[in-house]
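Asker: Sharing a structure, written as structure tokens. Questions coming.
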Amino acid sequence: MLKSILVPVRGDGMVATVLAHAAELAKQHQAQVNVVHCRAQANDLLPQGIVMNDFARKVMMEQAVELANRQEDHLRKILHRLARDFGLEENASTSDVAVCTFAEEPGRMADVVKHAGRLSDLIVLPKPQRERNLGQSSLKAALYGAGRPVLICPGQLQPDATFAQHVAIGWNGSLPAARAVASSLDIVHAAKRVSILTGGKVQTHGPTVEELVDYYALRGITAEVVRFTGKDAATELLKTSKSIGASLLVIGAYSHSHETEMLFGGNTERIVDKTEMPILMAH
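Listed below in structure tokens is the structure:
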């Protein structure tokens, strides 16, 4: 069951985007959104490469702590306001509403994701920004360190009433694709329309798309098959998802090693780079 949604946040301007998507899913599934702010460490805020005496370092450390406190207070006010705007309840006593909690953890974003993510049903992250070197380590930590499915939210996209109502499933019979299917069952079951997108050859020993249709049918889910052609599976998946009006794409992540795909640009990396729609990924 989808009951615990982790939203790790930092001061990158993407708080509203990720919280809005998490809130929509929480309201659909009466789930709890756990917002964790990754607090900057005072040492990380000190100027690097500058020699200081003990007194100067003490003053700078005090200023850094004060700055971190102000950042935390400012972000917490924003988060409380956004939670109300997105229809989330704080400290609710009933189980039939979407609840939001707030916590602060010191440390690097990737470490916080690993720690808080392992007992979460879903981790919601902003789309990585490779040009700014932001978000890639968090995505890797969520998929590998926490081992949980990840919802990637692109740009400043705000979900509407159609979010997750038409779910597209990228299927090639691979183990990551099968794990993505299993990880998204609650979301797919709640959707009004489900489309399985497939093209090219199914992986060796991998189940066919017809077998996936039967798998869903056993769970009361009616799925249609949409076939695409083209050599670039990443581009075709995104193009086909858009053409059929899907509002969420579910895919398996990194069929090969993550490092290999990062270096040579596998399908997963191209989908993440090019997507303009939310993507649910599992490895």
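If you use our numbering, the sequence shown corresponds to residues 41 to 323, in order. Think of the CB as a built atom: it goes at the ideal place given N, C-alpha and C, for glycine as much as any other residue. Because the structure is a prediction, the values reported are computed rather than measured.
For ASP136, which residues in the same chain have their Cβ closer than 7 Å to its Cβ, ignoring the five residues on either side in sequence?
Answerer: The residues are GLN70.
Asker: Would you kindly check if the distance between the Cβ of LEU162 and the Cβ of LEU191 is under 8 Å?
Answerer: Contact flag set, yes.
Asker: Run through DSSP, which three-state label would THR280 get?
Answerer: DSSP places THR280 in helix when its eight states are reduced to three.
Asker: ALA322: which of SER160, LEU252, VAL221 sits nearest, CA to CA?
Answerer: Considering only alpha carbons, the answer is VAL221.
Asker: If I measure Cβ to Cβ from ALA150 and keep anything under 8 Å in the same chain, skipping five residues before and after, which residues do I get?
Answerer: Closer than 8 Å at the Cβ level, and outside the excluded window around ALA150, lie SER177, SER178, LYS180, ALA181, GLY185.
Asker: Tell me whether HIS155 sits in a helix, a strand or coil according to DSSP, three-state version.
Answerer: Looking at HIS155 - three-state DSSP - the assignment turns out to be helix.
Asker: Helix, strand or coil, according to DSSP, for HIS114 in the structure here?
Answerer: Three-state DSSP puts HIS114 in a helix.
Asker: My parser needs the beta strand (DSSP E) runs of 3 or more residues fully inside the region 220–265; what are they?
Answerer: Whole beta strand (DSSP E) segments, 3+ residues: 233–238.
Asker: Taking one C-beta from the region 99–108 and one from the region 241–248 each time, how about it: are there three or more such pairs within less than 8 Å?
Answerer: The region 99–108, when compared against the region 241–248, does not touch it at the 8 Å Cβ threshold.
Asker: Using a Cβ-Cβ cut-off of 6 Å (strictly less than) and excluding sequence neighbours within five positions of MET54, which residues of its own chain qualify?
Answerer: Result list for MET54: PRO166, in chain order.
Asker: Return the residue from the list GLY285, ALA274, ALA201 that minimises the CA-CA distance to ILE311.
Answerer: Closest by alpha carbon: ALA274.
Asker: Can the beta-carbon of ILE319 be found closer than 8 Å to that of ILE291?
Answerer: Against a cut-off of 8 Å, the Cβ pair of ILE291 and ILE319 comes out as a contact.
Asker: I need the DSSP call for PHE142, collapsed to helix, strand or coil.
Answerer: It is a strand residue.
Asker: What span of residues does the beta strand (DSSP E) with ALA208 cover, start to end?
Answerer: Per DSSP, ALA208 belongs to the beta strand (DSSP E) from 206–210.
Asker: In the DSSP output, what is VAL164 paired with across the bridge?
Answerer: Partner(s): LEU191.
Asker: Tell me which same chain residues have a C-beta within less than 6 Å of the C-beta of ALA293, skipping the five on either side of it?
Answerer: Same-chain partners within the cutoff: LEU183, PRO216, THR308, MET321, HIS323.
Asker: Between the Cα of LYS232 and the Cα atoms of ALA208, THR238, GLU251, which residue gives the shortest distance?
Answerer: Of ALA208, THR238, GLU251, the residue nearest in Cα terms is ALA208.
Asker: Thinking C-beta only, is PRO189 closer than 8 Å to GLU64?
Answerer: Not a contact, by the Cβ cut-off of 8 Å.
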